[in-house]
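See below for the structure under consideration.
There are 2 protein chains.
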Amino acid sequence: MSCKVIKVGVVGAGTVGSGTIETLIKRADILKKRCGVRIELAAVAELDAAKAIAAGASKDIIVDDYKKVTENPEIDIVAELIGGTGLAGAIVESALSNGKAVVTANKALLSEKGRPLFALAREKKVPLAFEAAVGGGIPCMLSIREGLNCNSYQSLLGILNGTCNYILTQMTQKGVAYETCLKEAQELGFAEADPTTDVGGFDTGHKLALLSALAFDSWVDFDKMHIEGIDKVDLDDVKFAEKLGYTIKLLAVARPDGDGLFLSVHPALLPNSHTLAGIHGSLNAVSLFGDIVQESVLVGRGAGKFPTASAVIADITQVARMLAFSPEMPSWTPEPEPVYKLLPMSDYTSRYYLRFVVEDETGVLAKITGALGDNNVSIASVNQGENPIGKNAAIMVITHKAKEGDIQKALSAIGGMSFTRQAPVLLRIEE
Amino acid sequence: MSCKVIKVGVVGAGTVGSGTIETLIKRADILKKRCGVRIELAAVAELDAAKAIAAGASKDIIVDDYKKVTENPEIDIVAELIGGTGLAGAIVESALSNGKAVVTANKALLSEKGRPLFALAREKKVPLAFEAAVGGGIPCMLSIREGLNCNSYQSLLGILNGTCNYILTQMTQKGVAYETCLKEAQELGFAEADPTTDVGGFDTGHKLALLSALAFDSWVDFDKMHIEGIDKVDLDDVKFAEKLGYTIKLLAVARPDGDGLFLSVHPALLPNSHTLAGIHGSLNAVSLFGDIVQESVLVGRGAGKFPTASAVIADITQVARMLAFSPEMPSWTPEPEPVYKLLPMSDYTSRYYLRFVVEDETGVLAKITGALGDNNVSIASVNQGENPIGKNAAIMVITHKAKEGDIQKALSAIGGMSFTRQAPVLLRIEE
Numbered sequence: 012m013s014c015k016v017i018k019v020g021v022v023g024a025g026t027v028g029s030g031t032i033e034t035l036i037k038r039a040d041i042l043k044k045r046c047g048v049r050i051e052l053a054a055v056a057e058l059d060a061a062k063a064i065a066a067g068a069s070k071d072i073i074v075d076d077y078k079k080v081t082e083n084p085e086i087d088i089v090a091e092l093i094g095g096t097g098l099a100g101a102i103v104e105s106a107l108s109n110g111k112a113v114v115t116a117n118k119a120l121l122s123e124k125g126r127p128l129f130a131l132a133r134e135k136k137v138p139l140a141f142e143a144a145v146g147g148g149i150p151c152m153l154s155i156r157e158g159l160n161c162n163s164y165q166s167l168l169g170i171l172n173g174t175c176n177y178i179l180t181q182m183t184q185k186g187v188a189y190e191t192c193l194k195e196a197q198e199l200g201f202a203e204a205d206p207t208t209d210v211g212g213f214d215t216g217h218k219l220a221l222l223s224a225l226a227f228d229s230w231v232d233f234d235k236m237h238i239e240g241i242d243k244v245d246l247d248d249v250k251f252a253e254k255l256g257y258t259i260k261l262l263a264v265a266r267p268d269g270d271g272l273f274l275s276v277h278p279a280l281l282p283n284s285h286t287l288a289g290i291h292g293s294l295n296a297v298s299l300f301g302d303i304v305q306e307s308v309l310v311g312r313g314a315g316k317f318p319t320a321s322a323v324i325a326d327i328t329q330v331a332r333m334l335a336f337s338p339e340m341p342s343w344t345p346e347p348e349p350v351y352k353l354l355p356m357s358d359y360t361s362r363y364y365l366r367f368v369v370e371d372e373t374g375v376l377a378k379i380t381g382a383l384g385d386n387n388v389s390i391a392s393v394n395q396g397e398n399p400i401g402k403n404a405a406i407m408v409i410t411h412k413a414k415e416g417d418i419q420k421a422l423s424a425i426g427g428m429s430f431t432r433q434a435p436v437l438l439r440i441e442e
Numbered sequence: 012m013s014c015k016v017i018k019v020g021v022v023g024a025g026t027v028g029s030g031t032i033e034t035l036i037k038r039a040d041i042l043k044k045r046c047g048v049r050i051e052l053a054a055v056a057e058l059d060a061a062k063a064i065a066a067g068a069s070k071d072i073i074v075d076d077y078k079k080v081t082e083n084p085e086i087d088i089v090a091e092l093i094g095g096t097g098l099a100g101a102i103v104e105s106a107l108s109n110g111k112a113v114v115t116a117n118k119a120l121l122s123e124k125g126r127p128l129f130a131l132a133r134e135k136k137v138p139l140a141f142e143a144a145v146g147g148g149i150p151c152m153l154s155i156r157e158g159l160n161c162n163s164y165q166s167l168l169g170i171l172n173g174t175c176n177y178i179l180t181q182m183t184q185k186g187v188a189y190e191t192c193l194k195e196a197q198e199l200g201f202a203e204a205d206p207t208t209d210v211g212g213f214d215t216g217h218k219l220a221l222l223s224a225l226a227f228d229s230w231v232d233f234d235k236m237h238i239e240g241i242d243k244v245d246l247d248d249v250k251f252a253e254k255l256g257y258t259i260k261l262l263a264v265a266r267p268d269g270d271g272l273f274l275s276v277h278p279a280l281l282p283n284s285h286t287l288a289g290i291h292g293s294l295n296a297v298s299l300f301g302d303i304v305q306e307s308v309l310v311g312r313g314a315g316k317f318p319t320a321s322a323v324i325a326d327i328t329q330v331a332r333m334l335a336f337s338p339e340m341p342s343w344t345p346e347p348e349p350v351y352k353l354l355p356m357s358d359y360t361s362r363y364y365l366r367f368v369v370e371d372e373t374g375v376l377a378k379i380t381g382a383l384g385d386n387n388v389s390i391a392s393v394n395q396g397e398n399p400i401g402k403n404a405a406i407m408v409i410t411h412k413a414k415e416g417d418i419q420k421a422l423s424a425i426g427g428m429s430f431t432r433q434a435p436v437l438l439r440i441e442e
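As you go down the protein sequences, you meet chains Z and P in turn. Each residue of the first sequence is one higher than the one before, starting from 12 at the first, in the numbering used here. Each residue of the second sequence is one higher than the one before, starting from 12 at the first, in the numbering used here.
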């Protein structure tokens, strides 16, 4: 039986690239059977040829210049797997310009410099697919694009960075401080020597930008999003949250409100009954609440050689089927005009966890609760910490639903009071 | 801008049918934008026209005979949403015979009588899609077919029946016996007056047959599968499992072993750290362990008007895109020759939980442990129940990994001993 052939060029044989090469070769027959197209690994661009050979690529398809892939008239799909936002951008642009479909795992590139690349893909009428850029092996892009496509989302919550989730899980389960957990994660290879991109929340932000572009038909520039990392999460807060029945997770949050949309990355308290509260270690998860489907949660490995390769190959096969059978079929690019406008976090509404470190003197509690009340913040519970810090006392407050602008005003007032010994801590409670 | 139009005929305006009709109308513009095709609700076959009208169908498209949909040359896609295995089979057959694509939520029909229907779809080269038949709104079929398509699965575990999961959750969280929980579920509308299909495990079996056909490229006739329900689950076992750190769930299990495949529906003990142990109430979940992607878990509503409609519409839009842009693209039908052969449960290997109700006399424990040892079953822990049943004692045993045939031989021997007062209980432990 004759079978259409689609030729793939892989650029980069690093971790994800070599996982992709190895799996494409190993699963060629099964993929052909399952998708009705023969997917041929026709070129690998990699300066260190030994890496590509170790992954199983035959010598004669290895080239040392990406242009020999992106400008090669034989190649149908280019998989950009080198990462970063410099050369990778040139590779994707060159491939699209030459009318090739592109598959990439590069969240930084797409979220920071995606607009012109998607515009080019739209102009050239070729797919630019990026399942592997968010949630590693989790088929979240496919689910939003196709599986749940009749839904409007009431919320999207994601645990999207395995390093942060690993560190927070260690802090929670072992009761060890952030710095120690980070160091251990670095020694185990779960965190980079410079961990800023992960622990600062930026990687999560890159992924949130892409997820929300799909789920809310609204492209938001990455640099306009609210981003907090886990580097300020104190072990005291983890322990106190635990006592109250909450788990602290670094969340990507997208929440529409009227014609506006909140997009934020922040550490938050989740009730232990929440599905995401049970996602431990380096696992990732995406929780979507659609108005038709209700709750939908997808869980899996967020990174790693093969889990990411699994998603790259899912994109390659879907694009290959399109190229082979329906080159006319439109593929996703962001709406030129966003459906929702980005809302400032001062308008955000949730319950809040607040912690104040204060001098242990009479009347402090009255002043704190007074300042909260003056700013329309209603208190659900107050707890004076069992572990005073030095001569100081810690006061933990859980509020009822409040507007973040009001919370900020109250914190500013309390922060300026003479008994305050540390900047007040604010963590949102997501339900 | 001109846009291709695909015409859909819905057969049945019951719960899922009316949810589908309502959502297709409400989301027509968004679906057009997202999938590039205008999906037109062109006919509804329903004897009780008032139901279709209540869902928003205009009077002039309502017909009283399914053939006016399945034989209508204007209709491209037929959505069979009446359920059952009788008339529904004739509807699907008529639609396929007339060259129409079919979308259905009917797990009983496909798992019990699917072979000739899929053969007909293959012959007529039209899609027969069934995302809504398994896991309600959870995009599990799409994930297996496309998102994870380079994987070979090392296991598939599913919580696929909301009624059973609701009852087991109530038993666990409230400590109430099965019969009471079932009655309450019936009063709340979570269980049918005749609950056999659900609590007997048959509905879960229907879904397992379809899931495994996709995941393992192996169609197994439903009536050959091992099926146990929750009707024999004793509150004592739920409580004892809890003490040991396990939760009892009704699981669909598919586990390959060499060129064979175990397919079974049974209540099992899951360690509380297992993602599926935290899936409570009427939620459903599918856990796939792929050799490339590793763990992948999908969680959501397994039934209900709108969650199921969400999946029906995902299928309709995917099929509509195929019909509009790529009628040549092959769609999934089961392999004529299964890749795996079905294995007997006597070859199944796992750890086991066993409970013996015995006369409280000396030497009993030695005889029980002796019989297990004689049959190559190694014991991990033994516990004499704190709550003796009448004058009798309960002995709970957790085994190391053992072969089920050996366990059965030991239970048969122990069951025949003079001190045994009830048939021994066997529950598998899934990790």
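We put the beta carbon where it would ideally sit given N, CA and C, even for glycine. Only a predicted model underlies this, so the values are computations on that prediction, with no experimental measurement involved.
Asked, Found
"Please state whether DSSP places Q395/Z in a helix, a strand or coil.", "strand"
"Which residues does DSSP pair with G125/Z in a beta bridge?", "Paired residue(s): none; G125/Z is not in a bridge."
"Who are E464/P's beta bridge partners in DSSP?", "In the structure displayed, chain P extends from 12 to 442; residue 464/P sits before or after that span and is not available."
"For a cutoff of 7 Å on Cβ pairs, would you count C14/P as touching chain Z?", "no"
"Residues in the segment 13-44 of chain P with C-beta within 9 Å of chain Z's C-beta atoms, listed in sequence order?", "G30, T34, L35, K37, R38, I41, L42 and K44"
"According to DSSP, which residues form a beta bridge with P282/P?", "Y257/P"
"What residues from chain Z crowd round Q305/P, counting only those whose CB sits closer than 8 Å?", "G148, G311, R312, G315, F317 and P318"
"Contact criterion: CB-CB distance below 7 Å. Does P138/Z meet it with respect to chain P?", "no"
"Roughly how far, in whole angstroms, is the beta-carbon of T410/Z from the beta-carbon of L365/Z, given that I think they are within contact range, below 8 Å?", "7 Å"
"Closer than 7 Å by beta-carbon distance: list the chain P residues that pair up with Y126/Z, in chain order.", "According to the sequence provided, residue 126/Z is Arg. The question's Tyr does not apply to it. In chain order: nothing, as chain P lies at least about 19 Å away."
"Applying a beta-carbon distance threshold of less than 8 Å, which residues of chain Z neighbour Q329/P?", "E157"
"When burial is assigned at 16 or more other CB atoms within 10 Å of the CB, is E33/P buried or exposed?", "buried"
"Looking only at its own chain, which residues have a Cβ that is under 6 Å from the Cβ of L422/Z, when we skip the five neighbours before and after it?", "P435"
"Report, in whole angstroms, the separation of the C-beta atoms of L6/Z and L272/Z, which I expect to be a contact under 8 Å.", "Nothing can be reported for residue 6/Z, as the shown portion of chain Z is limited to 12 through 442."
"DSSP puts L272/Z in a beta bridge; with which residues?", "P267/Z and L353/Z"
"Using only alpha-carbon positions, find the residue among E253/P, A263/P, G269/P and P127/P that is nearest to N283/P.", "E253/P"
"Can you confirm whether the segment 299-307 of chain P touches the segment 124-141 of chain Z when touching is taken to mean that 3 or more C-beta pairs between the two stretches lie within less than 8 Å?", "no"
"For D87/P, which residues from the same chain have a beta carbon less than 6 Å from its beta carbon, with the 5 sequence-adjacent residues on both sides left out?", "I17, K18 and L334"
"Can you find a CB in chain P that lies within less than 7 Å of the CB of I409/Z?", "no"
"Would you tell me roughly how many angstroms separate the C-alpha atoms of R266/Z and D358/Z, rounded to the nearest one?", "12 Å"
"Pick out whichever of L35/P, S108/P and A143/P has its Cα sitting closest to the Cα of L120/P.", "A143/P"
"Grab me the residues of V80/Z's own chain with a C-beta within less than 7 Å of its C-beta, minus the 5 sequence neighbours each way, in chain order.", "G20, V22, A54, A56, V74, I86 and V89"
"Would you call the CB atoms of I149/Z and G311/Z closer than 7 Å?", "yes"
"So within the segment 50-103 of chain P, which uninterrupted beta strand (DSSP E) runs reach at least 3 residues, ignoring any that extend past its ends?", "88-91"
"Kindly list, in the order they appear in chain Z, the residues whose Cβ is closer than 7 Å to that of F336/P.", "S337, E339 and M340"
"Provide the residue(s) that pair with Y164/Z in DSSP beta bridges, ordered along the chain.", "G301/Z"
"Run through chain Z and tell me which residues come within less than 8 Å of A325/P, C-beta to C-beta.", "E157, G158, L159, N160 and C161"
"Using the rule of at least 16 other Cβ atoms within 10 Å of the residue's Cβ for burial, across every protein chain shown, is D40/Z buried or exposed?", "exposed"
"Would you grab the beta carbon distance between P349/P and W230/P for me? Rounded to a whole angstrom, and I think it's under 8 Å.", "6 Å"
"Out of E306/Z, T191/Z and I241/Z, state which residue places its alpha-carbon closest to the alpha-carbon of F1/Z.", "With chain Z covering only 12 through 442, there is no way to say anything about residue 1/Z."
"Is the separation between the beta-carbon of C14/Z and that of T328/Z shorter than 7 Å?", "no"
"Could you pull the start and end residues of the alpha helix (DSSP H) that I425/P belongs to?", "E415 to G426"
"If contact is defined by three or more beta carbon pairs under 8 Å, each pair taking one atom from either stretch, is the segment 255-269 of chain P in contact with the segment 147-161 of chain P?", "no"
"By the DSSP assignment, the beta strand (DSSP E) with F367/Z in it spans what residues?", "T360 to E370"
"Expressed to the nearest angstrom, what Euclidean distance is found between the alpha-carbon atoms of G94/P and S69/P?", "23 Å"
"Could you tell me which uninterrupted alpha helix (DSSP H) segments, each at least 4 residues in length, are contained entirely in the segment 200-237 of chain Z, listed from first to last along the chain?", "207-210 and 213-226"
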